Structures are given as C-alpha cells and as structure tokens.
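Colleague: Residue numbers (the UniProt record's numbering): 3 to 172. We treat Cβ as the ideally placed atom computed from N, Cα and C, and that holds for glycine. Bear in mind that the values here come from a model prediction, so they are computed numbers and not experimental data. Have a look at this one.
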Amino acid sequence: DQTNLDFKIVLLGDSSVGKSSLVLRLCKNKFSENLEPTIGGSCVIQNIEIDESEVKLKIWDTAGQERFHSLTPLYYRGAKGALIIYDITNFGSFERAKDWIFELRENGEQDSKIILVGNKIDLEAKAVVKDVTAQKFADKNGLSFFETSAKTGEGVNQVFFALAQMLLGK
Ligand code: GDP
Ligand code: MG
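Written out as structure tokens, the structure is:
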C-alpha cells in the first residue's frame with residue numbers, strides 16, 4: 003500500500019546541536035563548519051528504501067526558533083516520528099532533549115516514534131554526556147538511542163533508516 007508510506011517527522015533540540023547539519027548530511031552528503039542558523043525551517047523530503055517499499059520522510063527542521071517553549075505545538079502536530087537531538091559536548095542540550103521528549107509524550111501524536119540522538123561524536127574527546135548515561139535514560143524511557151556525527155557522516159543514514167523502519171512498524 004503506497005498511500006501510507008508518507009510521514010512527517012520533526013527534528014527537535016537546542017540550537018547548534020546540529021539538526022540542520024544532520025539534514026544536510028542525509029540529503030546532500032555535505033557538511034559546513036558555519037551553517038547559517040536560519041538555514042532550515044522548511045520541509046525537506048527524503049525517500050528511503052526499506053525492503054521493497056519507498057518511505058517518504060517529510061523532514062521538518064526549525065530555522066532558529068527552536069528554543070524550548072518558543073516552538074508552537076503546530077510544529078510537531080501530525081509528526082509520526084521525531085529525532086530529539088543533543089550535542090555530546092553540551093550538557094544543557096541533553097537536559098533540553100529530555101524536556102522535549104516529555105513534551106512530545108504529553109502533547110505530540112499518540113504513539114509517535116521517538117529516537118534520542120547524541121550528535122558530534124567526532125568531538126568525543128570533549129564529550130560531557132557519556133553514552134552510557136544517555137543509553138540508560140533511553141532504556142528507562144523506552145526510546146531508541148543513536149550517536150551521530152554530521153561532520154563525518156557516522157551514524158547519520160542509520161538513524162533515519164531506523165526511524166523509517168519504526169514508522170513502518172518494523
Ligand atoms: P542546529 O542549530 O541544531 O540546526 O545546528 P547546525 O546544524 O546549524 O550546527 C551548529 C554548528 O555545529 C555548526 O557550526 C556546525 O558546523 C556544527 N556541527 C553540526 N554537526 C556537527 C558534528 O557532528 N560535529 C561537529 N564537529 N560539528 C558539528
Ligand atoms: Mg538549524
């Protein structure tokens with residue numbers, strides 16, 4: 003059934019955690035050290051092939067208005083999936099990721115699929131959020147957890163692929 007393979011997904015997290023960079027890596031296989039904070043905000047469409055099916059992800063990225071509580075619930079209304087992103091070198095961004103998860107669970111779509119994503123693993127030497135800490139939080143809250151680097155590309159395709167699979171109920 004081709005009609006149900008079309009999903010809105012949202013990227014949420016503090017500014018500068020790398021949301022737009024993850025989209026740029028996924029869609030164009032590129033990275034920029036100084037991406038304009040206002041780049042993004044629009045919906046990008048990316049098709050991902052899973053088994054014989056083509057899953058269409060309509061990816062919503064913010065354009066700098068992502069401060070917690072300044073995003074309207076309209077932004078994530080209808081989102082069947084979400085990547086909640088933090089920067090492993092910024093502890094505050096991990097705290098905000100938790101806030102986002104609780105916010106989505108309260109006010110988002112019923113049974114939306116949520117993945118917690120620790121980005122910038124190329125900066126592992128400067129990490130302040132340990133992967134075991136994030137994994138423990140994810141386990142406790144029934145979430146999947148991935149680590150990525152938009153800079154090197156590590157884990158990026160995997161995280162979107164995993165979300166697409168979850169959206170298909172796999
Ligand atoms: P957003 O505000 O969440 O959309 O974050 P951006 O995608 O605009 O990225 C903010 C800054 O972090 C930019 O300077 C990016 O180049 C940088 N950045 C994003 N992802 C990574 C990453 O995986 N590794 C490193 N080292 N820098 C990154
Ligand atoms: Mg951005």
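Which residue comes first and which comes last in the beta strand (DSSP E) that contains Ala84?
Modeller: If you number the sequence shown from 1, residue 84 lands on position 82. In this chain, the beta strand (DSSP E) harbouring Ala84 covers Gly83 to Asp89.
Colleague: When DSSP builds the beta bridges, which residues end up paired with Val57?
Modeller: The sequence position of residue 57 within the sequence shown is 55, counting from 1. Its beta-bridge partners are Ile50.
Colleague: Given a cut-off of 7 Å, decide if Val46 and Val25 are closer than it, judged by their beta-carbon atoms.
Modeller: Reading the sequence shown from its first residue, position 23 is the one you call residue 25. Reading the sequence shown from its first residue, position 44 is the one you call residue 46. Yes, the pair counts as a contact, with Cβ atoms nearer than the cut-off.
Colleague: Under 6 Å from any heavy atom of the ligand MG, does the C-beta of Ser72 make it?
Modeller: Position 70 of the sequence shown, counted from the first residue, corresponds to residue 72. It does not: the Cβ of Ser72 is nowhere closer than 6 Å to a heavy atom of the ligand MG.
Colleague: For the candidate residues Asn143, Gly144, Ile52 and Asn92, whose alpha-carbon lies nearest to that of Lys122?
Modeller: On the sequence shown, position 120 is the one that residue 122 refers to. Nearest of Asn143, Gly144, Ile52 and Asn92 to Lys122, Cα basis: Asn92.
Colleague: Can you have a look at Gly144 and say buried or exposed, based on whether 16 or more other CB atoms are within 10 angstroms of its CB?
Modeller: For the purposes of this step, residue 144 is taken as the residue at position 142 of the sequence shown. Exposed is the call here.
Colleague: Relative to the C-alpha of Phe162, which candidate in Arg69, Ala84 and Glu54 has its C-alpha closest?
Modeller: Here residue 162 refers to the residue found at position 160 when the sequence shown is read from its first residue. Here the closest residue by C-alpha is Ala84.
Colleague: Reducing DSSP to helix, strand and coil, say where Asp3 ends up.
Modeller: For this step, residue 3 is matched to residue 1 along the sequence shown. Note that Asp3 has pLDDT 47, beneath the 50 cutoff, so the model's placement of it is unreliable and the number below is only indicative. Residue state, collapsed to three classes: coil.
Colleague: Shorter than 7 Å from the beta carbon of Leu85 to some beta carbon of chain D?
Modeller: Among the chains of the structure shown, chain D does not appear; only one protein chain is present.
Colleague: By the 10 Å Cβ neighbour count, where 16 or more other Cβ atoms means buried, how is Gly94 classified, buried or exposed?
Modeller: Counted from its first residue, the sequence shown places residue 94 at position 92. Around the C-beta of Gly94, fewer than 16 other C-beta atoms lie within 10 Å, and the residue is accordingly described as exposed.
Colleague: Tell me, please, which residues DSSP counts as bridged to Gly94.
Modeller: Along the sequence shown, read from residue 1 onward, the residue named residue 94 stands at position 92. Answer by DSSP bridge pairing: none, since Gly94 is not bridged.
Colleague: Compute the beta-carbon to beta-carbon distance between Ala129 and Ile90, rounded to the nearest angstrom, for a pair I have assumed lies under 8 Å.
Modeller: On the sequence shown, position 127 is the one that residue 129 refers to. On the sequence shown, position 88 is the one that residue 90 refers to. Yes, Ala129 and Ile90 are in contact; Cβ-Cβ is about 5 Å, under 8 Å.
Colleague: Between the segment 134 to 150 and the segment 111 to 120, do at least 3 Cβ pairs fall closer than 8 Å?
Modeller: They touch, by the three-pair rule.
Colleague: Check whether the Cβ of Val152 sits closer than 6 Å to any heavy atom of the ligand GDP, and report yes or no.
Modeller: Along the sequence shown, one-based indexing puts residue 152 at 150. Strictly speaking, residue 152 in this sequence is Ala, with Val absent from that position. It does: the Cβ of Ala152 is within 6 Å (strictly closer) of some heavy atom of the ligand GDP.
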